[in-house]
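Structure first, commentary second.
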Amino acid sequence: MSDQMLAEACQLGEQHKLDQFVVTLKVDYQSSDLFYALYLSMAIPGMIIMLIVGFIFSMSFEMSSTTYYILVSIVSLLYLSILSVSWLRDYKPLRLPFRRNLHVHIYTAGIVRILNGRAEVIRWEQMKKVHYKRASNVGGVSPHQ
Numbered sequence: 109m110s111d112q113m114l115a116e117a118c119q120l121g122e123q124h125k126l127d128q129f130v131v132t133l134k135v136d137y138q139s140s141d142l143f144y145a146l147y148l149s150m151a152i153p154g155m156i157i158m159l160i161v162g163f164i165f166s167m168s169f170e171m172s173s174t175t176y177y178i179l180v181s182i183v184s185l186l187y188l189s190i191l192s193v194s195w196l197r198d199y200k201p202l203r204l205p206f207r208r209n210l211h212v213h214i215y216t217a218g219i220v221r222i223l224n225g226r227a228e229v230i231r232w233e234q235m236k237k238v239h240y241k242r243a244s245n246v247g248g249v250s251p252h253q
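Its first residue numbered 109, the sequence shown is counted upward by one per residue in the numbering used here.
As structure tokens, this is what we get:
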């Protein structure tokens with residue numbers, strides 16, 4: 109963590125009376141996340157357009173639609189398999205570029221969320237319900253060892 113972020117965390121903690129500073133979390137944005145999100149959002153409309161174009165061409169040019177629909181089925185199967193693998197691995201590429209300036213300072217009395225220079229203070233008492241997920245094994249190493 110940079111000295112500037114540490115100074116910012118200490119200053120915000122004192123300003124909002126959030127007790128002891130624990131840690132700062134920062135979004136690690138990668139351009140591959142954006143491309144993967146674009147892929148997921150464009151594949152279904154692309155398949156629908158392919159089906160419509162194939163239907164129009166098969167009706168107007170009397171071409172065999174069987175091979176075209178086999179191609180669309182293969183592309184759809186590939187898309188759905190990639191989507192299912194992503195879902196099974198619990199990969200959520202929703203770190204969009206406008207959130208790359210997001211970081212969170214965690215204190216013993218609450219958190220401070222900073223997005224594009226604006227700070228939002230949330231105290232633990234203000235939260236009604238907290239959901240958490242236990243960390244899984246990464247590379248064969250358990251986080252609880």
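Every residue, glycine too, gets a C-beta built ideally from N, C-alpha and C.
With 16 as the cutoff for other CB atoms within 10 Å, does residue 126 come out buried or exposed?
A residue is called buried when at least 16 other Cβ atoms come within 10 angstroms of its Cβ; residue 126 meets this threshold and is buried.
If you draw a straight line from the alpha carbon of residue 226 to that of residue 134, how long is it in whole angstroms?
Rounded to the nearest angstrom, the two C-alpha atoms are 15 Å apart.
Would you identify the three-state DSSP class for residue 216, choosing helix, strand or coil?
Coil, per DSSP.
Compare the C-alpha of residue 177 against each of 146, 157, 218 and 115 and name the closest.
Checked all of 146, 157, 218 and 115; the closest Cα to residue 177 is 157.
Looking only at its chain, what residues have a beta carbon closer than 6 Å to the beta carbon of residue 210, apart from the 5 residues adjacent to it on each side?
So the qualifying residues of the chain are 135 and 223.
Does the Cβ of residue 115 have 16 or more other Cβ atoms within 10 Å, making it buried, or fewer, making it exposed?
Around the beta carbon of residue 115, fewer than 16 other beta carbons sit within 10 angstroms, so the residue counts as exposed.
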